[in-house]
Amino acid sequence: MTIDLEQLPATHVKLPSGDLMPTLGLGCWQSPPEQLIPAVQHALNVGYRHIDGATIYGNEEALGEGLRRSGVDRKDVWVTTKLWNTEHRPEDVLPALKASLSKLGLEYLDLWLMHYPAANEGNEIGKIVALDISYVDTWRAMEECVELGLVRNIGVSNFSQIELEKLLANCRIRPVLHQMERHCYLPQNAFMAYHRKVGLHITAYSPLGNTNPSFADRDPLPPILDNEVIKSIAAKYGITPANVLISLQLSEGNSVLPKSVTPQRITENLRVVQLSEEDIQAIAKSCAGLRCRYCDFSHITMYKFYEGLNDDD
């Protein structure tokens, strides 16, 4: 099937700040620094303009080095990183941002996310201590960083609807987006509708669901890439099943962050199409009753994430 270039998904989304964010980015979770440098360099050289990192990933220096080696002008690349849970004390927020900027070798961030609503001390499993610090207070410190000109946009990640409602009721600067796990096995339709109602953009991470081997110990579901409906849609458009899953998020109005350090896959992930409503409904029907949230670390942090969300929706 010939792809109609006029029917491709939107390449950018306009955020409340007026900034245009590329809707397809390279995720950097679990990417070893020595592999991430050439991965970022390659991604930018083949057309990516959005790189998503985080302090806890431990590879901000590599992200920055890949950007420099690419030769692409800084102003043309959207760089996101995230505030980690151990830096939620309001007095720690600005130093945390400056540390990230130093590692990245940048003067400003395009987007800074609160990685989780939880505050804690320590990162070693079994030794993490929960702290009684409100994410609202942390957010207010992040707002000050915007006013200092060190970050252009701020947002959140891994929040529940209850937490979003509280934050939206107590902020001066609204979050520009919510980055969350979303794929065929976790569509969260009611939560999606809430985001649309309040005007909050969604960035989907883990769009390929259970393809990550890290999830093998918690996954009773069949590999999402083996879904026959998804494979048939891929064949129709002349793309891969992974391309279909990435395209699904874009076609539903979200931005999306596939991750890879393999040059061929990084390039291949750019092959997206606008799925028809018929395609979208067929995928949903084929995955009905198959539900799993993979990125839930409540048992590690002693904080109940995603409270009140209906993962079966």
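Each residue of the sequence shown is one higher than the one before, counting from 2 in this note's numbering. Just so it is clear, CB atoms sit at the ideal spot from N, CA and C, and this is done for glycine as well. Nothing here was measured: the structure is a model prediction, and the numbers come from that model.
Supposed contact pair residue j and residue i - C-beta distance, whole angstroms, cut 8 angstroms
i: residue 258; j: residue 242; result: Not a contact, Cβ separation roughly 18 angstroms.
i: residue 190; j: residue 314; result: 5 angstroms
i: residue 32; j: residue 260; result: 7 angstroms
i: residue 181; j: residue 143; result: That pair is no contact at about 18 angstroms.
Residue j beta carbon less than 8 angstroms from that of residue i
i: residue 206; j: residue 293; result: no
i: residue 188; j: residue 157; result: no
i: residue 251; j: residue 273; result: yes
i: residue 136; j: residue 164; result: yes
i: residue 105; j: residue 64; result: yes
i: residue 201; j: residue 184; result: no
i: residue 173; j: residue 91; result: no
Where the beta strand (DSSP E) containing residue i begins and where it ends
i: residue 280; result: Counting along the chain, residue 280 falls outside any beta strand (DSSP E), though it belongs to the alpha helix (DSSP H) covering 278 to 287.
i: residue 302; result: Not the beta strand (DSSP E): residue 302 falls in the alpha helix (DSSP H), residues 299 to 302.
i: residue 245; result: Taken as a continuous stretch (DSSP letters only), residue 245 belongs to no beta strand (DSSP E), being part of the alpha helix (DSSP H) at 242 to 252.
i: residue 257; result: 256 to 258
i: residue 51; result: 51 to 53
i: residue 79; result: 79 to 84
i: residue 21; result: 21 to 23
Residue i versus residue j - alpha carbon distance
i: residue 35; j: residue 262; result: 10 angstroms
i: residue 81; j: residue 311; result: 28 angstroms
i: residue 30; j: residue 159; result: 15 angstroms
i: residue 68; j: residue 45; result: 7 angstroms
i: residue 50; j: residue 21; result: 11 angstroms
i: residue 154; j: residue 18; result: 7 angstroms
i: residue 79; j: residue 223; result: 35 angstroms
i: residue 296; j: residue 305; result: 13 angstroms
i: residue 171; j: residue 161; result: 16 angstroms
i: residue 12; j: residue 264; result: 21 angstroms
i: residue 209; j: residue 166; result: 28 angstroms
i: residue 10; j: residue 204; result: 14 angstroms
Boundaries of the alpha helix (DSSP H) in which residue i is found, first to last residue
i: residue 238; result: 229 to 238
i: residue 196; result: 190 to 199
i: residue 267; result: 264 to 269
i: residue 41; result: 34 to 46
i: residue 68; result: 61 to 71
Check: residue i C-beta below 7 angstroms from any heavy atom of the ligand NAP
i: residue 250; result: In the structure shown, the ligand NAP is absent, as is every other ligand, since no ligand is present at all.
Just to confirm the assignment: which complete alpha helix (DSSP H) runs, minimum length 4, are found wholly within the segment 102 to 130? none
Runs of alpha helix (DSSP H) lying entirely within the segment 132 to 184, each at least 4 residues, in chain order: 136 to 148 and 162 to 169
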